[in-house]
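For reference, the structure discussed in these notes is given below.
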Amino acid sequence: QQTRQVSYPDCRDVRDQATSFEGVAGYAYDGFSLKADEGSERLAAARVSANFFDVLGVQPMLGRTFRAEEDQPALTRTVAVISHGLWQRRFGSDPAIVGKPVTLSGAPFTVIGVLPADFHFARLGDPEVFATLSPSQVMSERRFTHWMWAIGRLRDDVSAEATNAELVSIASARAKLDPQWHKETGLRVVPLRDALVGPIQPLVLGLFAAVAAVLLIACANVANMLLARAMSRQREVGIRLALGAGRGRIVLQFLTESVLLSLAGGALGLLWAGWGVRTMVSAIPASQLATLPFLKGLEVEPGVLAFTFGVCLATGLLFGLLPALRTSAGKVADTLKDGARGSGGRQRLRSTLVVSEIAIALALVAATGLLGRSLSRLLDVNPGFDTTNLVTARLSIPRASYDTPEKAERFFDQWQSRIASLPGVQSVALVDQLPLTGQGNTGTPSIVGVAGNSTSPDANLRTVSEDYFKVMGMPLLAGRTFAASDGPTSPPVAIVNQAFVDEVLGGRDAIGQRIGFAFVEGSIEVIGVVGNEKATSLDARMRPVFYFAWRQEAGNGTAIVARTNSDPRPVMTALRSESRAMESDILLLGVQTMEDIIATTPATFLRRYPLMILGVFAGLALLLASIGIYGVMSLSVRERTSEIGIRMALGAQASAVLSLVLRQGLALSIMGVTLGLATGLAGSRVLSSALFETPATDPVVFGGAAVILIAVTAVTAQRIIG
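Using our numbering, you'd call the opening residue of the sequence shown number 1 and step up by one each time.
Here's what the structure looks like:
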């Protein structure tokens with residue numbers, strides 16, 4: 001199933017017909033430019049219905065929000081509500097801002113309100129300006145044009161299941177009104193929390209699991225050290241018991257010591273926590289952080305302090321209790337003897353803890369290996385075009401100044417020519433939506449003259465200039481590419497990719513086919529076929545793509561792709577200065593290389609970020625596990641010092657002694673690796689949704705993790721003997 005936006009009539013129907021909601025509002029992404037002395041500034045913006053803030057339960061800090069009469073189709077009156085941050089940054093916290101005019105993207109607006117400082121709506125990123133939807137007459141009537149999102153507040157006495165059942169009936173009525181384009185579509189509600197944290201929930205759970213795993217390893221080490229320390233104090237405990245001390249008092253003393261150690265470690269950890277949180281947030285790409293504004297001010301809060309205190313107290317009690325009970329459980333006579341019996345039991349307990357450490361460390365190392373292998377395979381994917389030395393940027397021009405397609409076309413032609421003349425630029429082209437950004441429109445194509453094809457797969461829609469395929473390095477498979485003569489007065493033409501031919505045309509000869517869309521009057525002739533490109537994401541399949549001729553679809557916002565002869569960085573700097581010199585009121589956004597885009601896409605981020613986190617914790621787990629192995633084996637060697645001395649006095653070689661220690665260490669390692677493989681294989685299914693072309697049970701990854709843990713044990717044993 002594919003989740004889509006809704007049309008304006010869809011949102012209106014749910015608002016007017018559904019009884020499950022207290023209110024239903026609509027919203028859509030937008031952007032404005034605000035002119036400043038040093039040039040125009042890009043402002044993230046949103047278009048919302050008049051009741052949007054009422055549905056969210058948000059009251060403005062100053063002024064008011066929108067009224068119903070300010071959100072009518074084709075309404076030209078423009079009012080705006082601004083964010084608290086914009087009010088402070090650009091208007092000096094002037095309370096008289098309400099009622100004042102402001103020019104946005106060359107058009108006059110009136111500020112009617114200022115939002116509170118703590119308001120964020122992550123589904124829109126973090127807009128600084130809100131305006132009303134006020135759709136055009138066409139957009140308000142087209143039921144097949146999905147361009148906005150809907151949000152509603154359920155009544156207290158209504159469940160999500162009952163609401164979905166009601167939406168099914170509304171969707172059925174919608175399908176009857178528009179059977180050609182809504183036959184296979186429906187309506188359903190998704191909790192806002194799931195919509196917000198859905199993409200990052202696996203990351204949070206993975207981080208929590210990694211923290212818990214490292215905590216367990218650290219606690220196992222502490223328990224081992226406490227056991228060793230308790231053994232060295234066994235005579236002291238025996239004397240105290242002989243003098244009448246109660247077992248409870250001795251246990252209390254040991255628990256007090258372990259809890260103090262735990263709390264001291266927690267306090268030291270909190271000193272690093274602030275730095276760690278800032279580091280993790282700074283590692284999130286800006287494009288991803290914009291959709292997670294609640295992370296921007298993340299810090300160690302009182303609730304976190306209380307949780308940390310509770311964890312430290314619990315671990316101190318839990319892992320200090322067993323050594324305390326073991327030490328105070330013996331008979332007085334036994335505890336007063338050197339080499340007291342029962343050391344075998346303590347050795348088994350210490351060995352069990354080490355085996356657990358090895359198992360947990362292996363699971364973390366294997367998880368890191370799976371994510372690393374997955375990321376490597378993702379970055380090796382051929383996107384269908386050459387990504388080297390490719391500079392991209394988005395440009396937005398004032399709508400008021402370039403209010404006709406002819407004006408916009410003349411400006412972009414001039415801009416493209418100036419960029420092409422820059423030193424180091426090989427070729428330049430225009431496109432409305434850059435590939436691999438997850439953006440762009442889709443449409444359901446129909447083949448003119450072929451009956452019953454309105455349910456064909458959706459196609460990604462792109463508008464490109466005549467040199468786009470040359471700049472991107474995409475092969476022409478049949479027909480021709482666009483020419484400068486394919487303008488607004490010539491018959492509409494298009495180019496499709498091979499996936500379009502296979503999935504939509506069913507393998508028919510594409511050249512000369514006429515394709516229709518619900519939002520296009522008449523039909524469009526296919527004049528060429530090009531190779532496939534990853535239009536939306538590296539981890540998505542090659543989808544059908546339909547390319548419109550840019551000169552027939554010129555608008556106010558577009559992107560540029562420029563192929564350079566060498567290092568693109570100087571061209572990026574020149575691109576900014578050249579654009580500012582050409583027009584002071586334009587917005588040049590996202591100047592970056594295609595490699596930069598790939599590195600910050602959700603597909604890459606959702607694999608690289610957890611890989612970075614798990615890599616850190618896997619390294620800590622390996623370090624702690626090696627410390628635990630070293631501690632247990634060195635203690636074992638110390639307990640057997642007399643035995644080893646006798647063996648060497650009787651002629652045993654150093655290699656034989658090393659072999660003795662190695663056998664003990666490898667036995668622990670093999671048991672830990674076996675348990676870790678079972679644990680890792682069982683838990684790897686949790687990662688399966690984040691893996692790309694990598695099986696969750698990849699034998700290479702798990703085999704490599706096992707070899708690493710065995711090698712750590714061998715090196716540790718050798719260090720002890722050395």
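Here a beta-carbon is modelled for each residue, glycine too, at the ideal position from N, C-alpha and C. Keep in mind the model is a prediction, meaning the values are calculated, not measured.
Counting only the Cα atoms, Leu-606 lies some 18 Å from Pro-435. In the three-state DSSP reduction, Ala-213 falls in the helix class (H, G or I). Comparing alpha carbon positions, the residue from Gly-206, Arg-193, Ala-96 closest to Phe-121 is Arg-193. Beta-bridge pairing by DSSP links Arg-153 to Gly-23. Sequence-distant Cβ neighbours of Pro-475 in its own chain, meaning closer than 6 Å and more than five residues away, are Gly-531. Per DSSP, Gly-443 is one residue of the beta strand (DSSP E) stretching across 441-443. Per DSSP, Gln-426 lies in no alpha helix (DSSP H); the unbroken beta strand (DSSP E) holding it starts and ends at 425-431.
By the criterion of at least three beta-carbon pairs nearer than 8 Å, the region 125-140 is in contact with the region 41-59. Taking C-beta atoms as the reference points, Val-504 and Ser-626 fail to come closer than 8 Å. Apart from sequence neighbours up to five positions away, the residues of its chain that approach Gly-438 with a beta-carbon distance below 8 Å are Thr-536, Ser-537, Thr-601, Pro-602, ordered along the chain. When the alpha-carbon of His-84 is set against those of Gly-63, Arg-67, Thr-78, Gln-72, the nearest one is in Gly-63. The three-state secondary structure of Lys-176, taken from DSSP, is helix. Taking Ile-527 as the centre and dropping the five residues before and after it, the same chain places the C-beta of Gly-479, Arg-480, Val-493 closer than 6 Å to its C-beta, in chain order. Distances from the CA of Gln-137 to each of Arg-123, Pro-73, Met-542, Pro-101 were compared; the closest alpha carbon is that of Pro-73. In the structure shown, Ala-581 adopts helical secondary structure according to DSSP, grouped into three states.
In this structure, the straight-line span from the alpha carbon of Arg-685 to that of Val-431 is close to 40 Å. Our two residues, Leu-187 and Gly-57, have alpha carbons roughly 24 Å apart in a direct line. With contacts defined as CB atoms closer than 8 Å, Val-545 and Asn-460 qualify as a contacting pair. In this structure the region 412-423 lies against the region 573-587, because at least three pairs of beta carbons, one per stretch, are closer than 8 Å. Scanning the region 31-95 from its first residue to its last, the whole beta strand (DSSP E) runs of 3-plus residues come out as 39-48, 79-82.
Minimum Cα-Cα distance from Ala-361 among the listed residues Phe-53, Ala-621, Ala-96 corresponds to Ala-621. A direct Cα-to-Cα measurement between Thr-558 and Thr-404 gives close to 15 Å.
Between Glu-166 and Ser-20, the CB-CB gap stays under 8 Å. Distance from the CA atom of Thr-78 to the CA atom of Leu-133, rounded to whole angstroms, is 10 Å.
The Cβ atoms of Phe-411 and Gly-473 do not sit closer than 8 Å to each other. Gly-23 is positioned such that its CB atom lies closer than 8 Å to that of Arg-153. Considering only Val-354, Arg-514, Ser-446, Ala-18, the residue with the shortest C-alpha distance to Val-168 is Ala-18. Ala-131 carries a strand assignment under DSSP once its states are collapsed to helix, strand and coil.
With respect to Phe-617, Ala-213 sits close: the two C-beta atoms are nearer than 8 Å.
Counted as a single uninterrupted DSSP element, the beta strand (DSSP E) harbouring Val-530 occupies residues 524-530. The alpha-carbon separation between Glu-525 and Ser-7 amounts to approximately 27 Å.
The beta carbon of Lys-470 sits closer than 8 Å to the beta carbons of Ser-427, Ala-429, Thr-481 from its chain, once the five residues preceding and following it are set aside; these are given in chain order. Residue burial is scored here from C-beta neighbours: Arg-394 has at least 16 other C-beta atoms within 10 angstroms and is therefore classed as buried.
Scanning its chain for C-beta atoms nearer than 8 Å, with the 5 sequence neighbours on each side dropped, one finds around Val-673 the residues Ile-358, Ala-359, Leu-362, Ala-706, Leu-709, Ile-710, in chain order.
The Cβ atoms of Phe-517 and Gly-449 lie no closer than 8 Å to each other. Taking 8 Å as the cut-off, the beta carbon of Asp-539 is found closer than this to the beta carbon of Leu-378.
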